[in-house]
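These notes concern the structure reproduced below.
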Amino acid sequence: MLISKELLHKIHVLCGMLLFGTGSSVTMKLQLDVECVGYNGVPHTFDKPIFQSIVMFFSMSLCFFIEKLIELFKRRSNKEAAYTQLEDGEKIPEKQASVFLILIPTTFDLIASTLMTFGLIYTPASVFQMLRGSMIIFSSFLSRIFIGKKIRYGQLIGIFISVIALVLVGVSAIRTPSTGLNETTGFQTAMGILMILIAQFIQAGQIVAEEFFMKNLTLPPLKIVAFEGIFGLIETVFIACPFGYFVLGSDYSTMQHNSFENTYDSFVCLIHSTPIIIITIIFAIAVLGLNAYGMMVTNAFNAVNRTLFESARTACVWLVMIIIEFCWAGHGEKLSWWSLLELAGFVILFFATLVYNRVVKIPFIEPLDQKIDAEENDKLVKEN
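Under UniProt numbering, the first residue of the sequence shown is numbered 1, with each subsequent residue one higher.
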């Protein structure tokens, strides 16, 4: 029995997203746990949240070239191009849009990404990935406050179940003994969890900002990602790096006090550590691939499917980190009795996601949500 091209394309897109999505989360954690010799010969682990933001935004900026390749392929395939031919032969976009609007969500992304990486230093990669499920909690309430989106009753139940799941995951992380060079106390793990949750709140703000400020932006999605990468790289280099250098921290520097993050020290470590070079390159490729395949997933699957894929990605990250611990002791995640609590949290979080997205429908709640849907549709019809 022959498999259709459409099915093959979906399998390819799904595998690509899982591969690059897992790769980005795993390499983020591995990079933080590698020991190196930095500025002035001081040995330390590569705890560099701002440097990871530099690599992330650089990779995102490369999406510009992927978009150009897609445009070239479409033209050669005689597909419709989003250009209007002028009399003098010059081509311009049909509708101009201010790309500087992208600066607003980019700033949210920079702050959130740096906080998330800082939190990841003190938490396992699997827990980090699960805590990102808190996004639905924050984005729902921020969308209600700033955009006026109504929260369905089923979504409220999904949010309540998510909170229970995240508490279980958090407790398991705090109670699980840490491994490797970045050994952490329960208090440090709790602070790491708090940083990740704050980052998710800020990232939810990014989503709301994108919806509010960029709804009339007519650029292709990959170009938006590319411009976010360019603006983010500029903000990181000229704002975040100086800020990290002058703020008190543990990075050795020429200041009278140590810096929160000395970017020069980051590049000294990079030059002298082959593992960091390899992990950084893989991380950059993974971020680029994740953004590219993320666009393909958006086109090939609906929102519910994408949510399920995120759960699959979390499972893959956990499995890979367990395997890494067996192969490279001290750099992965050990299994313990507390892992059962984390597993329970993951299963409950997955169920909460299904409830939130109305894949699992609660009989006495669904009619109320359908009534809200009808009211929203009537409102849209009247506005149009």
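For every residue, glycine included, the Cβ atom is placed at its ideal position computed from N, Cα and C.
Item                                                                                                                                                                            : Value
How is the beta strand (DSSP E) around SER250 delimited, first residue to last?                                                                                                 : 248–251
Please say whether PHE20 and GLN31 have beta carbons closer to each other than 7 Å?                                                                                             : no
Three or more C-beta pairs under 8 Å: does that hold for the stretch 340–357 against the stretch 153–164?                                                                       : yes
Are there 16 or more other CB atoms within 10 angstroms of the CB of GLN85, so buried, or fewer, so exposed?                                                                    : Any answer about GLN85 is weak, because its pLDDT of 48 lies below 50 and its placement is not dependable; what the coordinates show is given next. GLN85 should be labelled exposed.
Any Cβ of chain B within less than 7 Å of the Cβ of ILE174?                                                                                                                     : Among the chains of the structure shown, chain B does not appear; only one protein chain is present.
Here's a check: name, in chain order, each residue in its chain whose Cβ is nearer than 8 Å to the Cβ of ASP88, leaving out the five neighbours to either side.                 : Low per-residue confidence applies at ASP88: pLDDT is 48, beneath 50, and the placement is therefore not dependable enough to give any value.
Which value, in whole angstroms, describes the spacing of the CA atoms of PHE326 and PHE51?                                                                                     : 28 Å
With distances taken from CA atoms, which of ILE279, PHE301, MET60 and ASP373 is nearest GLY233?                                                                                : The sequence shown places Leu at residue 233, rather than the Gly named in the question. Out of ILE279, PHE301, MET60 and ASP373, MET60 has the C-alpha closest to the C-alpha of LEU233.
How is PRO43 classed by DSSP in three states: helix, strand or coil?                                                                                                            : strand
Straight-line CA distance for LEU115 to ARG76?                                                                                                                                  : 43 Å
Roughly how many angstroms separate the alpha carbons of LYS68 and LYS361, rounded to a whole number?                                                                           : 42 Å
Tell me the DSSP secondary structure of LYS79 in three-state form.                                                                                                              : Residue placement at LYS79 is poorly supported in this model, since its pLDDT is 49, which falls under 50; the coordinates still yield a value, given next. Correct three-state label for LYS79: coil.
Three-state secondary structure (DSSP) at SER178?                                                                                                                               : coil
Going by DSSP in three states, VAL208 sits in which element: helix, strand or coil?                                                                                             : helix
With DSSP as the reference, label GLU35 as helix, strand or coil.                                                                                                               : strand
Do GLY244 and GLY192 come within 7 Å of each other at the CB atom, strictly closer than that value?                                                                             : no
Name the residue from MET130, LEU156 and LEU18 whose alpha carbon lies nearest to the alpha carbon of GLY345.                                                                   : MET130
Below 8 Å, how does it come out for the stretch 141–148 and the stretch 205–216: are there three or more Cβ pairs, yes or no?                                                   : yes
Going by alpha carbons, who is nearest to ARG313 out of PHE128, PHE57, GLU71 and ALA240?                                                                                        : PHE128
Between which two residues does the alpha helix (DSSP H) harbouring HIS272 extend?                                                                                              : 263–272
From LEU8 to PHE309, what does the alpha carbon distance come to, in whole angstroms?                                                                                           : 17 Å
Jot down the residue ranges of each uninterrupted alpha helix (DSSP H) in the stretch 125–202, minimum 4 residues, whole runs only, in chain order.                             : 125–131, 135–146 and 153–175
How would you call ILE324, buried or exposed, if buried means at least 16 neighbouring beta carbons within 10 angstroms?                                                        : buried
So who's on the other strand from SER259, going by DSSP bridges?                                                                                                                : LEU248
For PHE57, count the other beta carbons within 10 Å of its own beta carbon; 16 or more makes it buried, fewer makes it exposed. Which is it?                                    : buried
Report the rounded CA-to-CA distance for TYR264 versus MET321, giving the unit in angstroms.                                                                                    : 30 Å
By how many angstroms is the C-alpha of GLY38 removed from the C-alpha of ARG306?                                                                                               : 41 Å
Just checking my contact of PHE283 with VAL55 at CB under 8 Å: how many whole Å lie between their CB atoms?                                                                     : 6 Å
Label GLY41 either buried or exposed according to how many other C-beta atoms from any shown protein chain fall within 10 Å of its C-beta, with 16 as the threshold for buried. : exposed
In this structure, does DSSP put ALA329 in helix, strand or coil?                                                                                                               : coil
Could you check the C-alpha separation between GLU80 and ASN299 for me, to the nearest Å?                                                                                       : Note that GLU80 scores 48 on pLDDT, short of 50, meaning its location in the model is unreliable; the coordinates nonetheless yield the value given after this. Taking the straight line joining both Cα atoms gives about 17 Å.
Checking 7 Å against the spacing of the C-beta atoms, do ALA267 and GLN206 come in under that value?                                                                            : For clarity, residue 267 is Phe in the given sequence; the question names Ala instead. Going by C-beta atoms, PHE267 is not nearer than 7 Å to GLN206.
To the nearest angstrom, report how far apart THR170 and ALA190 are at their CA atoms.                                                                                          : For the sequence presented, residue 170 should be read as Gly rather than Thr. Cα to Cα, GLY170 sits roughly 8 Å from ALA190.
Where do the N-terminal and C-terminal ends of the alpha helix (DSSP H) with LYS223 fall, by residue?                                                                           : 221–235
Taking DSSP as the reference, what is the three-state secondary structure of ASN377?                                                                                            : helix
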